[in-house]
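Please read the structure below before turning to the comments.
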Amino acid sequence: MMEFIKKDVAIFSQSKDSIWLDVHLAPQMLAAHLDTEFDGATRNANYLDQSMKWLTQKFPAQDFPRLLDLGCGPGIYAERFYQAGYRVKGIDFSSLSIDYAKRSAKEKGYVIDYQCGDYLNTDLGNEYDLIVLIYCDLGVFSPKDRQYVFEKAYGALKKGGRFIFDVFTPKKYADFEATSDWKLEENNFWTKDLCLHLSAQKDYSGTRTYLDQHYLIYPDLIKEFFIWETVFNREEVLAELQAVGFTKNEVFDDIRGRSFTEDSETICFVVEK
Ligand SMILES: C[S@@+](CC[C@H](N)C(=O)[O-])C[C@H]1O[C@@H](n2cnc3c(N)ncnc32)[C@H](O)[C@@H]1O
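Residue 265 in this note's numbering sits at position 265 of the sequence shown; the count goes up by one each step and never skips.
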């Protein structure tokens, strides 16, 4: 019961529970995806509109017809790509999100190929013109898994295809301070039943990786969530992409196509196979 008490959590070690899959949190994350007002699991509707406008103009469906959305959630981008004329496949490991996406597509008569699975362990094929990984999901991976994501994306693209993704930069954590807290909680985002909630935010110094760590302690159960996030600078990501084989690249301040300034909380990369 008390094995969760460790002095330090090894960097990128996986927690027993996942915010995307937990029986209480997965529905909260789905609700966050569907809330168009705030930047929860999906960005707000205004950002999304600007993002879709830029992506569909820069990479039109007639030139880039086959699109793979990695971590598609409940299909918010996937549906918009479909409406813009792409042939879309979406993969996500949240069955709740994928079930929602399938239901929504069926109701609207959209033909979108959704798959429930971990894209790290899924055969992605090799037929895509565009692969998107949207909302800085790359930051959750260890360097080894990140390289694996790059290799898988490279392998799944056709020659001339593009991999498009965004990441957070160190600006996001400019004011970061390590903290820890405990509270008795019930009926909130984290828990329905009363529990003791221990939380800590840590900086793995020198790695630009941060841990948001949570334990929910119930009389007969402890839930454990480690949320990792690495932030990046342009040069290191480009070097890793180049090592995998990607050639031409473009960088932007964000996935709405704003010009690169080195002053943004995000960077968007567009690389070509
Ligand atoms: C921050 S959300 C972004 C969702 C979507 N790209 C968007 O912007 O609306 C991350 C999504 O990736 C999914 N996810 C995270 N790691 C995954 C993995 N290894 N395989 C499949 N899905 C994953 C989560 O379930 C979640 O839906």
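A virtual CB, placed ideally from N, CA and C, is assigned to each residue, including glycine.
query	result
Output the boundary residues of the beta strand (DSSP E) element that contains Ala-101.	Premise fails: Ala-101 lies in the alpha helix (DSSP H), 95-108, not in any beta strand (DSSP E).
Could you please give me the residues that DSSP links to Ile-222 through a beta bridge?	Ile-217
From the DSSP output, which residues share a beta bridge with Thr-179?	Gln-201
Using 8 Å as the cut-off, classify the Cβ of Tyr-275 as near or not near the heavy atoms of ligand 1, replying yes or no.	The first residue shown for the chain is 1 and the last is 273, placing residue 275 beyond what the model contains.
Counting Cβ pairs, one atom from each stretch, are 3 or more of them under 8 Å apart for the region 88-106 and the region 181-193?	no
Which residues mark the beginning and the end of the alpha helix (DSSP H) in which Arg-146 is found?	143-156
Going by beta carbon distance, what residues of the same chain come within less than 6 Å of Ala-105, once the five residues before and after it are set aside?	Ile-112
Looking only at its own chain, which residues have a Cβ that is under 7 Å from the Cβ of Leu-96, when we skip the five neighbours before and after it?	Ala-26, Pro-27, Leu-30
Where does Asn-320 fall in DSSP's three states?	A query on residue 320 cannot be resolved here, the shown segment of the chain reaching from 1 to 273 and no further.
Please list, in chain order, all residues of the same chain as Gly-278 whose beta carbon is under 6 Å from its beta carbon, the five residues on each side excluded.	A question about residue 278 goes unanswered here, because the residues of the chain that appear run from 1 up to 273.
On the DSSP bridge assignment, give the partners of Cys-268 in chain order.	Asp-166, Phe-252
With H, G and I counted as helix, E and B as strand and the rest as coil, what does DSSP make of Thr-88?	The residue you asked about is not Thr; residue 88 is Val in the sequence shown. DSSP places Val-88 in strand when its eight states are reduced to three.
For Ile-227, which residues does DSSP report across the bridge?	Asp-212
Would you list the one or two residues that DSSP bridges to Ser-259?	Phe-252
Rank Phe-12, Pro-170, Phe-269 by C-alpha distance to the C-alpha of Arg-162 and give the top, closest one.	Phe-269
Would you kindly work out how many angstroms separate the C-alpha atoms of Lys-223 and Phe-38, rounded to a whole number?	27 Å
Here's a check: name, in chain order, each residue in its chain whose Cβ is nearer than 7 Å to the Cβ of Val-140, leaving out the five neighbours to either side.	Trp-228, Glu-229
Measure the C-alpha to C-alpha separation of Arg-66 and Asp-129 and round it to an integer number of angstroms.	5 Å
Can you name, in chain order, every residue of its own chain whose Cβ lies under 8 Å from the Cβ of Tyr-47, other than the five neighbours on each side?	Asp-39, Arg-256
List the whole-angstrom C-beta distance separating Phe-176 from Tyr-218, where the pair is believed to meet the contact cut-off of C-beta under 8 Å.	With a Cβ gap of about 30 Å, Phe-176 and Tyr-218 do not count as contacting.
Taking 8 Å as the cut-off, does the CB of Leu-70 come closer than this to any heavy atom belonging to ligand 1?	yes
Any idea what DSSP makes of Glu-127, helix, strand or coil?	coil
Confirm the yes/no value for this check: CB of His-214, any heavy atom of ligand 1, distance under 8 Å.	no
For Ala-178, count neighbouring Cβ atoms within 10 angstroms of its own Cβ and tell me buried if that reaches 16, exposed if not.	exposed
Got a sec, what are the start and stop residues for the beta strand (DSSP E) Arg-66 sits in?	66-70
Buried or exposed for Ala-45, please, with buried defined as at least 16 other CB atoms from any protein chain shown within 10 angstroms of its CB.	exposed
CA-CA distance, Gln-147 and Lys-248?	18 Å
Counting C-beta neighbours from all protein chains within 10 Å, is the total for Glu-79 16 or more, i.e. buried, or is it exposed?	buried
Using the rule of at least 16 other Cβ atoms within 10 Å of the residue's Cβ for burial, across every protein chain shown, is Pro-74 buried or exposed?	buried
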